[in-house]
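Working notes, structure below.
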């Protein structure tokens, strides 16, 4: 029995030595890691890749572009003829509709010329009617001369004379028609010149600027007013060419005024994506139309446009 007990003790001692050695090695490794500032656990759980965190941030932060707020109808109203400004009917900030009178030029001379042309038309019309009546008389004379020639009362020469007289009257009718047409064209041209003395609004909008004053002598193509529409508002901006496959018509964007703190955000729908890339800048042009009313936005303002990538 004593022999068996001694064998057990020897086996336990021999078995514990490797365990003690392993424990000592682990303790030394822990102390070395603590002294070097590294992690105490060598096999830590794997951390997510940095690209995953960046991708999540890109999804949360939209791309922001800037561009001007514009309208389709916006232009300078020019003088179509030279003359003196005889009256100003509107001023800056005035809302106008298409065809509303903005200003007038002195039209006394051109109106007199138009009235003379109208009288010429009436004279040409009367001359045409006169020759039509003459032709009816010549036709009657020819038919009578023809009947008399068949009866042997007059000569062949008298019949031919009546025939040529009828032909002459017919040619005079054609000439009178051409004279009437020329007179009508002249009258129409002068009526257009009279219309040019009436400066009217080309579309619905507001008068943004006025460049002339009453009594000023203007020349052809001189700027008189700047008229701009107020709706629908659009934004134009550019993006890198990499966005070309991402931008589609009908896509909804967010738009707000760039220089107004706490500006209201408005929805805008993409209506045009440039099919080509600008080779000098490597960008594409996008046009979006703001939906609904936007009283805080004005044409010409700079806007922020937010696009979710």
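Numbering (the numbering used here), first residue to last: 3 to 311.
Every residue, glycine too, gets a C-beta built ideally from N, C-alpha and C.
Kindly list the residues whose CB is nearer than 8 angstroms to the CB of residue 240, restricted to its own chain and excluding five residues on each side of it in sequence; keep chain order. If you ignore the 5 residues before and after residue 240, its C-beta comes within less than 8 angstroms of the C-beta of 67, 69, 280, 283, 285, 286, 287 and 288, all in its own chain and listed in chain order.
Got a sec? Which residues, its chain only, sit under 6 angstroms from residue 312 by beta carbon, not counting five neighbours each side? Residue 312 lies beyond the range of the chain shown here (3 to 311); nothing can be said about it.
Helix, strand or coil: how does DSSP classify residue 283 here? coil
Quick one: using the 10 Å Cβ neighbour count with 16 as the cut-off for buried, is residue 173 buried or exposed? It counts as exposed.
Relative to the alpha-carbon of residue 216, which residue among 99, 75 and 108 has its alpha-carbon at the smallest distance? 108
Less than 7 angstroms between C-beta atoms, sequence neighbours within five positions excluded: which residues of the same chain meet that for residue 266? 258 and 298
How many Å lie between residue 142 and residue 118 at the Cα? 37 angstroms
Is residue 116 near residue 237, with beta carbons less than 7 angstroms apart? Contact: no.
When you compare only the Cα positions, how much space is there between residue 99 and residue 300? Put simply, the backbone Cα of residue 99 is about 19 angstroms away from that of residue 300.
Is residue 226 near the ligand ADP, judged by its Cβ being under 6 angstroms from some heavy atom? In the structure on display, the ligand ADP does not appear, and there are no ligands present to speak of.
Rounding to the nearest angstrom, what Cα-Cα distance links residue 206 and residue 97 in this structure? 8 angstroms
Can you name, in chain order, every residue of its own chain whose Cβ lies under 6 angstroms from the Cβ of residue 274, other than the five neighbours on each side? 289
Would you mind working out which of 269, 247 and 146 sits nearest residue 256, comparing C-alpha positions? 269
Let me check one thing: in DSSP terms, what residues is residue 228 bridge-paired to? 78 and 211
Within a Cβ cutoff of 6 angstroms, which residues of the same chain sit near residue 192, ignoring the five residues on either side of it in sequence? 115, 116 and 119
Simplified DSSP assignment, three categories, for residue 128: helix
Can you tell me which residues form a DSSP beta bridge with residue 238? 289
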